[in-house]
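This report concerns only the one structure given below.
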């Protein structure tokens, strides 16, 4: 009896140890994932600042621009310091003493207790060192062109900022400019996190976009006076949406609507695409944003079948590159494609059995859709 | 004194250049009704318009006109096709397209000082909408800038004259 009791105790102890190990392992995996996300956002911030400063330096002398940049929550301080310029020891002794010997880097981000150095070309500092205040997950700078360089200063006016750069790769004229708007988020922090999640972890991880990341610029607008009706699907005043979005370069607009899983379970709401605007229910499966972008950017048709809906809409199959009548002559020459029945309507055919335009669980667009998206991507620099 | 006058004139010209670097746009609130398009309202503001590198063909056409003719145009698709979808209880995507024949939408265009009107053409090249800008709107910025330059010039000349008088 005693031996049986002892065996039970040992079993419980082993199970408890196992559970503790599992919890510790999960926590550390989660922390590592969060840290990777922070690293990506930090790189994006460095890249956006460098891009904008370089752009500004090519403008005519005296041109002044305000620029706002999204800052990850893990970054607590952003300082510019150039030890090659004359500097004021008293302005920020911590920075000057740490980096007085660093002749290469001139941008320092404080994250996780240590500074992450970076370099921005063609930059002159109005004050040296210059530490910008982080408010609502962004910093606001004033950039002024002077003799093929950009003079950088921190903006004193933090009320009037309307466009926050999240990730920039070049001048907006040549890039696919995507602006995020938010609705029903409790604060800017939450909105910023969702923007970065959709951008870094979802859209830019998806082929073919993942192969052409440098063709995209991403922005967000924090202050929005958008009114939407969330019943069944997301209906918003397009005029208000565009007035907000036009604060940033805006070839395509993503409106993220914050919803909890519980609210979604009680009353489901559909994500949608209309024109260049995709309205995303954040409680939906993550790939829904990429699916809707397939509509707004690629003009792709849905490959699932819903005869009730589509019969009423005068569906014209000739307008869509990924739906055809049998025997699917439209994509016969494309490897990896075939002719499967069902494309918006059951009487039309699609190129692959599964794709993101058919199911939000699919990790791929398929070769025909990718070809169509690539044609459009190649219009941009 | 001549050098001072030259520097002051250069400052006025450069300041004007700096002001001109900012971009104004016009955002239109439009109503689409079975092929016809009407301007309901518009807002002029600082901001950005889409690049429109990819334009639909066929598509509606918007033309911006001045007294001299067309100064800007682009093709666009009236965004009256709403594709709304979600996952059903089995996890499958369901939904579809709703075509709206009576709806409001919005478009933005760059602002031009000299623009007098816009015209909207259907896919069959028929005029389906026009809008004439009130003349106050177009000349406001031009007048303000010219007025500013005149004032600065007068003040500069007055200052130089005063300095000259003091020296003599």
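Residue numbers (this note's numbering), protein chains in the order written: chain A, 21 to 401; chain B, 2 to 169.
Ideal placement from N, C-alpha and C gives every residue a C-beta, glycine not left out.
Model, not experiment: these values are computed from the prediction.
In chain order, what residues of the same chain have a beta carbon less than 8 Å from the beta carbon of residue i, not counting five sequence neighbours either side?
{"i": "residue 139 of chain A", "result": "70, 124, 125, 126, 127"}
{"i": "residue 220 of chain A", "result": "57, 60, 61, 64"}
{"i": "residue 57 of chain B", "result": "76, 77, 78"}
{"i": "residue 67 of chain A", "result": "187, 188, 189"}
{"i": "residue 292 of chain A", "result": "253, 254, 298, 299, 312"}
{"i": "residue 83 of chain A", "result": "76, 164, 165"}
{"i": "residue 205 of chain A", "result": "211, 214, 276, 278"}
{"i": "residue 247 of chain A", "result": "256, 257, 260"}
{"i": "residue 37 of chain B", "result": "129, 130"}
{"i": "residue 281 of chain A", "result": "303"}
{"i": "residue 95 of chain B", "result": "86, 87, 88, 89"}
If you measure from the beta carbon of residue i to each beta carbon in chain B, is any gap under 8 Å?
{"i": "residue 269 of chain A", "result": "yes"}
{"i": "residue 258 of chain A", "result": "yes"}
{"i": "residue 294 of chain A", "result": "yes"}
{"i": "residue 306 of chain A", "result": "no"}
{"i": "residue 100 of chain A", "result": "no"}
{"i": "residue 290 of chain A", "result": "yes"}
{"i": "residue 45 of chain A", "result": "no"}
{"i": "residue 193 of chain A", "result": "yes"}
{"i": "residue 32 of chain A", "result": "no"}
{"i": "residue 237 of chain A", "result": "no"}
{"i": "residue 375 of chain A", "result": "no"}
{"i": "residue 334 of chain A", "result": "yes"}
Identify, in the order they occur along the chain, each residue of the same chain with its Cβ nearer than 6 Å to the Cβ of residue i, setting aside the five sequence neighbours on each side.
{"i": "residue 173 of chain A", "result": "146, 162"}
{"i": "residue 53 of chain B", "result": "75"}
{"i": "residue 269 of chain A", "result": "192, 197"}
{"i": "residue 320 of chain A", "result": "314, 342, 377, 389"}
{"i": "residue 283 of chain A", "result": "none"}
{"i": "residue 392 of chain A", "result": "318, 341"}
{"i": "residue 238 of chain A", "result": "186, 187, 198, 219"}
{"i": "residue 216 of chain A", "result": "61"}
Return no unless some Cβ of chain A is closer than 8 Å to the Cβ of residue i.
{"i": "residue 55 of chain B", "result": "yes"}
{"i": "residue 80 of chain B", "result": "yes"}
{"i": "residue 86 of chain B", "result": "yes"}
{"i": "residue 52 of chain B", "result": "yes"}
{"i": "residue 91 of chain B", "result": "no"}
{"i": "residue 94 of chain B", "result": "yes"}
{"i": "residue 97 of chain B", "result": "yes"}
{"i": "residue 83 of chain B", "result": "yes"}
{"i": "residue 28 of chain B", "result": "yes"}
{"i": "residue 134 of chain B", "result": "no"}
{"i": "residue 75 of chain B", "result": "no"}
{"i": "residue 48 of chain B", "result": "yes"}
{"i": "residue 44 of chain B", "result": "yes"}
Spatial neighbours of residue i within its chain, please: C-beta separation below 7 Å, excluding the five flanking residues on both sides.
{"i": "residue 361 of chain A", "result": "369"}
{"i": "residue 400 of chain A", "result": "194, 195, 196, 235"}
{"i": "residue 380 of chain A", "result": "305, 307, 308, 311"}
{"i": "residue 134 of chain B", "result": "116, 117, 118"}
{"i": "residue 89 of chain A", "result": "65, 68, 69, 158, 159, 184, 185"}
{"i": "residue 335 of chain A", "result": "364, 365"}
{"i": "residue 346 of chain A", "result": "359, 369"}
{"i": "residue 85 of chain A", "result": "76, 163"}
{"i": "residue 397 of chain A", "result": "228, 232, 235"}
Task: Completely contained beta strand (DSSP E) runs for the region 82-153 of chain A, where each covers 3 or more residues - done: Listed in chain order, the complete beta strand (DSSP E) runs (minimum 3 residues) inside the region 82-153 of chain A are 84-90, 95-100, 127-131, 134-138, 143-145, 150-152.
- [ ] Tell me, please, whether the region 103-117 of chain B touches the region 252-265 of chain A by the rule of three or more beta-carbon pairs shorter than 8 Å.
- [x] A contact exists between the region 103-117 of chain B and the region 252-265 of chain A.
TODO: May I have a chain-ordered list of the alpha helix (DSSP H) segments no shorter than 4 residues that lie completely inside the region 234-308 of chain A?
DONE: Runs of the alpha helix (DSSP H) spanning 4 or more residues and lying entirely within the region 234-308 of chain A occur at 258-265, 281-286, in chain order.
Task: Residues from the region 100-114 of chain B in contact with chain A, defined by Cβ distance under 7 Å - done: Answer set for the region 100-114 of chain B: 100, 105, 106, 107, 109.
Task: Contacting positions in the region 276-288 of chain A - beta carbon closer than 8 Å to chain B - done: Result list: 288.
Open item on the list: What ranges does the beta strand (DSSP E) occupy inside the region 69-140 of chain B, keeping only unbroken runs of at least 3 residues that lie completely in it?
Closed with: Qualifying beta strand (DSSP E) stretches, in chain order: 70-77, 82-88, 94-100, 103-111, 118-122, 128-133.
Task: Interface positions of the region 30-42 of chain B facing chain A (Cβ-Cβ less than 9 Å), listed along the chain - done: If you check each beta-carbon in the region 30-42 of chain B against every beta-carbon of chain A, the ones closer than 9 Å belong to 30, 31, 41, 42.
Task: Given 8 Å, three or more beta-carbon pairs between the region 94-105 of chain A and the region 40-51 of chain A - done: The region 94-105 of chain A, when compared against the region 40-51 of chain A, does not touch it at the 8 Å Cβ threshold.
Open item on the list: Threshold first: 4 residues or longer. Then list the alpha helix (DSSP H) segments lying entirely within the region 301-386 of chain A, N to C.
Closed with: Counting only runs that start and end inside the region 301-386 of chain A, the alpha helix (DSSP H) elements of at least 4 residues fall at 308-316, 327-331.
Open item on the list: If the cut-off is 7 Å on Cβ atoms, which residues from the region 148-170 of chain A count as contacting chain B, listed in chain order?
Closed with: Cβ contacts with chain B come from no residue of the region 148-170 of chain A.
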